[in-house]
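Shown next, in structure tokens, is the structure this report addresses.
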Amino acid sequence: MLGVPACFIFLLCQLAGLAASGIPKKLVGAIGGSVIFPLNLSVNLVDSIIWVFNSATLVTIQPKTADKNALIIVTQKRNMERVNFPHEGYSLKLSRLTKNDSGVYRVEIYNSTLQDPLTQEYELHVYEYLSKPKVIIGLQENKNGTCVTNLTCSMEHGEEDVTYSWKSLDQATNESHRGSILPISWRWEKSDMTFICMASNPISSNSSNPIFAQNLCEGAAGGQTPYVILYVLLSFFLVCSLTLVLIILIIRRERKKVSEIIEEKKELDTHQETLHFPPISEEMPEYDTISNFNERPPCAPFSLTFVKTDHFPNMLLFSCSRHIPWRPQHCPRCSRINFTDPGYLSLPWKELLLLLSSLFYPFLI
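FYI, in mature numbering (1 follows the signal peptide of the UniProt record, and there is no 0) the residues of the sequence shown are -21 to -1, 1 to 344.
Shown next, in the form of structure tokens:
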């Protein structure tokens, strides 16, 4: 090794380190993102560098020399805008990642002094950003007020390398559980609990909507539920029965009032007919007749009769005389009252006196 430049010896040490490792470096990336495949070479004593993806050449690099610039050849046209070497180094940056970019990458470093190239492998996994996980409720078993069931957390898509965990939250404690399935045993007497599923992969994480044990185990009350329903139904029927009885009593009372009014009206009509058309054979009641203002016959076609009978002991009867001729023009002040039709008007004597005094006051002037 005499006469070999020190820089070349340093390069051999770096390449030997790469070859001795033999373990692929694991890299992760996100869909639409970018990743860098690191390659630390600080000298330019390299003839060429080739990046290979799944046994297909991706990029070929001829390093910069004193008399020419570096030459980079991208073998696939679709990768021309995706490949880059930042900071003028040899580390490969791959952008606009897709799921198809997952796989094994290898870099091959060639030097004229070495018979075989030195290589380094990389293993890339491209993941999706996780959406909100979905929780599936298993079959429930309700016994003696205890709800027993399972909650299963899952992803609609992108389940690669996803890990699941659960958080159980209540007023007293917070518990954690690993795995996609959470067994639940909850009693109705306990405080309400909240269950949340959390899913994560190497690049992202997300959590489910909270699940409340009280809503999940609505039938966990067991034997209490039928009694509660029975109490509600009995209360409802009791209120309806009382309301119906009250309505019937009100209707009967109103009907009784109407019947009494009808009976009173019938009795009154009967008495009035008796007064209007007394039988000839009956004894006529005692009465006193006050003739009305004989000096003014045109304005006095009426008479007042004080009647004393068994039915109306304190009543006044007002009658219009058919035989006295009268016309409204004889007395203009009386024309608004029709005295020509025969009939009787019966009122309590006090009210009738007030009425007559107001009606016939102009006649007395």
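For every residue, glycine included, the Cβ atom is placed at its ideal position computed from N, Cα and C.
For clarity, every value in this text was computed on a predicted model and none was experimentally measured.
Name the DSSP beta bridge partners of residue i, please?
i           : result
residue 178 : 143 and 185
residue 173 : 148 and 191
residue 8   : 105
residue 85  : 31 and 100
residue 396 : Not covered by the structure: residue 396. The range shown for the chain is -21 to 344.
residue 116 : 130
residue 72  : 15 and 63
Buried or exposed: which applies to residue i, given that a residue is buried once 16 or more other Cβ atoms fall within 10 Å of its Cβ?
i           : result
residue 218 : exposed
residue 8   : buried
residue 222 : exposed
residue 317 : With a pLDDT of 42 at residue 317, under the threshold of 50, the predicted position of this residue should be treated as unreliable, and no value is reported.
residue 227 : exposed
residue 278 : Any reading at residue 278 must be qualified, since the residue scores a pLDDT of 43, below 50, and its modelled position is unreliable; the value itself is stated next. Label assigned to residue 278: buried.
residue 213 : exposed
residue 123 : exposed
residue 88  : buried
residue 114 : buried
residue 195 : buried
residue 65  : exposed
residue 189 : exposed
residue 33  : exposed
residue 141 : buried
residue 240 : exposed
residue 128 : buried
residue 215 : exposed
residue -18 : Below a pLDDT of 50, predicted positions are generally treated as unreliable, and residue -18, at 46, falls in that range; the measurement from the model is reported next regardless. Classification of residue -18: exposed, given that the 10 Å Cβ count is below 16.
residue 28  : buried
residue 209 : exposed
residue 94  : exposed
residue 86  : buried
residue 157 : exposed
residue 191 : exposed
residue 224 : exposed
residue 164 : exposed
residue 97  : buried
residue 247 : exposed
residue 55  : exposed
residue 109 : buried
residue 211 : exposed
residue 52  : exposed
residue 237 : exposed
residue 159 : buried
residue 130 : buried
Following the continuous beta strand (DSSP E) through residue i, name the residue where it begins and the one where it ends.
i           : result
residue 97  : 97 to 106
residue 156 : 153 to 157
residue 129 : 125 to 133
residue 121 : 120 to 122
residue 166 : 160 to 166
residue 2   : From DSSP, residue 2 is part of no beta strand (DSSP E); its letter is neither H nor E.
residue 78  : Careful: residue 78 lies outside any beta strand (DSSP E) and carries neither H nor E.
residue 47  : Careful: residue 47 lies outside any beta strand (DSSP E) and carries neither H nor E.
For residue i and residue j, which I take to be in contact (beta-carbon distance under 8 Å), what is that distance rounded to the nearest angstrom?
i           : j           : result
residue 345 : residue 37  : The first residue shown for the chain is -21 and the last is 344, placing residue 345 beyond what the model contains.
residue 178 : residue 184 : 7 Å
residue 137 : residue 76  : Contact doesn't hold; Cβ gap of about 14 Å is too wide.
residue 132 : residue 112 : 5 Å
residue 3   : residue 101 : 6 Å
residue 104 : residue 81  : 5 Å
residue 84  : residue 25  : Their Cβ separation, rounded to whole angstroms, is 18 Å, which puts residue 84 and residue 25 out of contact at 8 Å.
Next item on the list: Note down, one range per segment and in chain order, each alpha helix (DSSP H) of at least 4 residues found wholly within the segment 203 to 247.
Entry: Considered as a whole, the segment 203 to 247 harbours no complete run of any alpha helix (DSSP H) with no fewer than 4 residues.
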